[in-house]
Each structure stands twice: as structure tokens, then as C-alpha cells.
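*Asks:*
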Amino acid sequence: MSTKSDITLDEFRAWAGVVGLSLTEDDIIELHKGYLGMMQLAARVPQEWAWEAESAHVFAPLPGARR
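Read in order, the letters of the sequence shown correspond to residues 307 to 373 in the numbering used here.
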């Protein structure tokens, strides 16, 4: 089996088959594209992050209603 970042459509189809949802072939194709895109974006997130170098406003709560 391929790594999760380069899973083939057939592997994704088999993987999607075990979740118990009734998915059409179009659903599986679109979900596969989205999964690959998400994995490509996740690969760009640095493993090491200098959090202390970020401005304080980055970690400040957003204004508005609270959950």
C-alpha cells in the first residue's frame, strides 16, 4: 500500500468502502482529490515552528461570541 500522501484512487476506494457510508463513484473521486490536496497542504506545514517569534496578536482570542 502507498503512503497516505500518495494513495491511489483504487486504494482510496477500498479505504472508503470500510467506513460504512454509501458513496457514489463521483463522491469517491471528489473525496480522493480533496484528500490528496489536504495531504499536500499538510506536508507544507513546518515540523519545527518558532512559536515564540510570533506576534502576541496571533494567539489572542478572536473578538465576538464565545462558544
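By construction, the Cβ of each residue, glycine as well, lies at the ideal position given by its N, Cα and C atoms.
The structure displayed is predicted, hence computed values, not measured ones.
Smallest Cα separation from D332: which of M344, R319, L342 and V324?
*Replies:* As a first step, residue 332 is located in the sequence shown; it is residue number 26 there, counting from the start. When each option's Cα is compared against that of D332, the closest is R319.
*Asks:* Which class does E331 belong to by DSSP, given the choice of helix, strand or coil?
*Replies:* In the sequence shown, the residue the question calls residue 331 occupies position 25. In the structure shown, E331 sits in a helix (DSSP, three-state: H, G or I).
*Asks:* Can you tell me where the alpha helix (DSSP H) with E317 in it begins and where it stops?
*Replies:* As a position in the sequence shown, residue 317 is number 11, starting the count at 1. Unbroken alpha helix (DSSP H) run through E317: L315 to G323.
*Asks:* How many angstroms separate the CA atom of K339 from the CA atom of V351?
*Replies:* Your numbering for residue 339 matches position 33 in the sequence shown. Your numbering for residue 351 matches position 45 in the sequence shown. Rounded to the nearest angstrom, the two C-alpha atoms are 19 Å apart.
*Asks:* Can we count R350 as close to the ligand HEM, meaning its CB is less than 6 Å from some heavy atom?
*Replies:* Summarising the ligand content, the structure contains no ligands, and the ligand HEM is consequently not present.
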